[in-house]
Structure formats: C-alpha cells, structure tokens
Amino acid sequence: MTAVPTALAAARAAGRLVVACDVSPPRGPGLADLTRFRALTRADFLCCAYLPGRAVRLEAAVMAFLLKRELGVDAIVNLATRDMNRLALSAHLLGIAALGLENVVVLRGDDFPDRDAGRVRAVHDTTPSELIALIARLGEGRDFRDTALMAPVSLCPGATMDFSRDFTREVRLAARKARAGARFFLTQSIYDDTLPERFAAAYRAATGADLVAPVLWGVPVLAPGSLAFGAVPDAWRRDLGAGRPGAEIALEFIHALRARGVEAIYLIAPILRGGERDYAAAGAVLAAL
C-alpha cells in the first residue's frame, strides 16, 4: 500500500496528476459485482466512503481491502468520529493496519436527522483533530491511555476541508488538523479554480507558513438530476441542461486547476437519486486525463 504523500511526490517528479476517486460501499456484504468499479482502475487511489447517506453499508475498510485485492488499486479508508468512542476507534485502526491498509481520512460525520431520534445516537467522543493525534500516537506504539502496544501502527492520517462552509473557519481547522498530524487533505466539491491559491494565501497569512501536507481538490462529475454539494455555478447548470456531458465539464475544470499548479484531485462520481453512483462518468474523466 502506498501512502498518499509518497504517491504525490513520485507523481510530481514525473509531472503527472494524482487522482483519488470516491466510491460508495454497497448496502450488503461483499462486492459481488466489481464490473462497475473497473472503470476507475486508472485512478491512483479509490477512496471508500464512510456510511454515505447514514445508511447501513459494507464497512469502508473491508471494501478498501477487497478493492485492493481484486483490482490492484491502492485505497483510502474514510473513518468518522461520530459513531465510536476512543477505544472502539483504536481497535478499528488496528484492524485497518492489519488488513495492510495505510491511508485513513478522518472526518466528523453528518448529524443524524430528526427522523432517526430514538433509533441511533451519535457518540462524538473525539474530534477529528483528536483522532488524527491518536493515530500519530499509535504510530509511536502507544494507545490513547499511553499504554505500550506490541508494535507501532503504521497509518497515514488524512483530513477533510469543506469550503461550502465558512472559509476562515476551514483555514483555521486545517491548521489545527495539520498540527495534529494530518499528512494529506481531501476537499469537498469546489467550483472555483482560484480557490487553491486563495486557500494557500489565507493559510500562510494565518499560520506564517505554507501547508506542507498535499491537498486533493474535490472535482465533482455532475449529471442531470444528480445530487450536488456546494453552490454549483450557473454556467455548469446551463451546460448540463443543454446536454453537455458532466465528464466534459469536469475535464475542463481539471485543466483549469492544472494550469494554476494543482497536483492532485479528488474525483467525485455522480451521485444519483437513491444513492446510486455513475462510475462510468468518472471513468470517462480518468480515460481522458
């Protein structure tokens, strides 16, 4: 398994873009049909989402292991602080390492809706920054109680950013996560090719230093009627409405990001109603890069 920063350093030397593709675990055990994921084998990483839609799904680490074994593509495991306490999270992280996986993106997890009241409760025993620090401690061979483990746990912790929220707050949170030990970042969907430069300048102004950890910038592939996160530009909506393929729009945006020095992206396949994914559309983007 390759750590994300290692892959990006090698790609930078070769002048190549690094791409991680978002995938959703199935709502059942195993991956009976791998055909739909084969369109994504050109990606550097497959990023396995954590219980998207707050639905019961195959555990992200198990999916990552199966995809790596069957398709040979490195994987990223998403893990939310919402559902487990420190003890359970620590055991989960040991399991991830035992499966031969390395990259773990730590996130908070969406709140449960009111309709789930009485059926499920959030835990939130840790914040994402605290869990990232816990992963760093596991790497030193110590658990959250500072008790020695049998051996250090080799994991590469990552974190998320969401610029549909308050920009200044996201910069501040990114700095906190970097101090805790985050070695790479994924962002939610962005639609402005100047955002990476604006973020870099704001981070430098806030901290007095550049962010060392690489950022994989979220590029959505949209489709008519697909779910969209953040403020989709009117031009994108017009193009989609006029029949322009979402893969073509995404490619144009990726080229604009590349022209501004972006070295890594997080490609988000269309999310259709009911949670189905159009991986063929993301595969078309990969094939054209």
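Quick note on numbering that gives the first Met the number 0: the sequence shown kicks off at 0 and runs consecutively.
For each residue, glycine too, the CB sits at the ideal point set by N, CA and C.
- Sixteen is the threshold: since fewer than 16 other Cβ atoms of the shown chains lie within 10 Å of the Cβ of F228, the residue is exposed.
- Between the alpha carbons of S225 and D191 lies a gap of roughly 20 Å.
- Non-local C-beta neighbours of E69 in its own chain, meaning closer than 6 Å and more than five positions away in sequence, comprise L33, ordered along the chain.
- As the crow flies, the alpha-carbon of F143 is around 10 Å from that of L88.
- Inside the stretch 22-80, DSSP marks whole beta strand (DSSP E) runs of 3 or more residues at positions 44-47 and 73-79, from first to last along the chain.
- Exclusion of the five residues before and after R259 leaves D192, T193, P195 and E196 as the residues of its chain whose Cβ lies within less than 8 Å of its Cβ.
- The shortest C-alpha to C-alpha distance from A283 to any of E275, R272, G273 and I267 is the one to I267.
- In this structure, the beta-carbon distance from F44 to V76 does not fall below 8 Å.
- Per DSSP, V3 is not a residue of any beta strand (DSSP E); the alpha helix (DSSP H) it occupies stretches across V3 to A13.
- Per the coordinates, the alpha-carbon of A63 lies some 36 Å from the alpha-carbon of A205.
- Taken through DSSP and simplified to helix, strand or coil, P195 comes out as helix.
- Cα atoms of V220 and G245: separation of roughly 5 Å, rounded to the nearest angstrom.
- With contacts defined as CB atoms closer than 8 Å, T186 and P127 fail to qualify as a contacting pair.
- Remark: C-beta atoms of V17 and E262 approach each other more closely than 8 Å.
- In the three-state scheme derived from DSSP, where H, G and I count as helix and E and B as strand, R141 is classed as strand.
- With respect to the 8 Å criterion, I253 and V218 are classified as neighbours on the basis of their beta carbons.
- For I253, the enclosing alpha helix (DSSP H) begins and ends at G245 to A258.
- The C-beta distance from L133 to T125 rounds to 7 Å, short enough to fall under 8 Å.
- Annotation for V170: no beta strand (DSSP E) segment contains it, though the alpha helix (DSSP H) segment containing it runs F166 to A179.
- A42 has its alpha-carbon roughly 7 Å from the corresponding atom of L285.
- Taking the Cα positions, H91 is about 33 Å away from F198.
- Beyond the five residues adjoining it in sequence on each side, L250 comes within less than 7 Å, by CB distance, of V284 and A287 in the same chain, given in chain order.
- It is roughly 28 Å from the alpha-carbon of V152 to the alpha-carbon of D209.
- By the Cβ test, the stretch 110-117 is not in contact with the stretch 161-177, since fewer than three Cβ pairs between them sit closer than 8 Å.
- DSSP places P127 within a helical segment (H, G or I) once states are collapsed to three.
- Between the C-alpha atoms of A281 and V22 there is a straight-line separation of about 10 Å.
- In the displayed model, I189 falls within coil according to three-state DSSP, outside both helix and strand.
- Across the structure, V170 and Y202 are spaced so that their CA atoms are roughly 6 Å apart.
- DSSP places A87 inside the alpha helix (DSSP H), whose first and last residues are R85 to A97.
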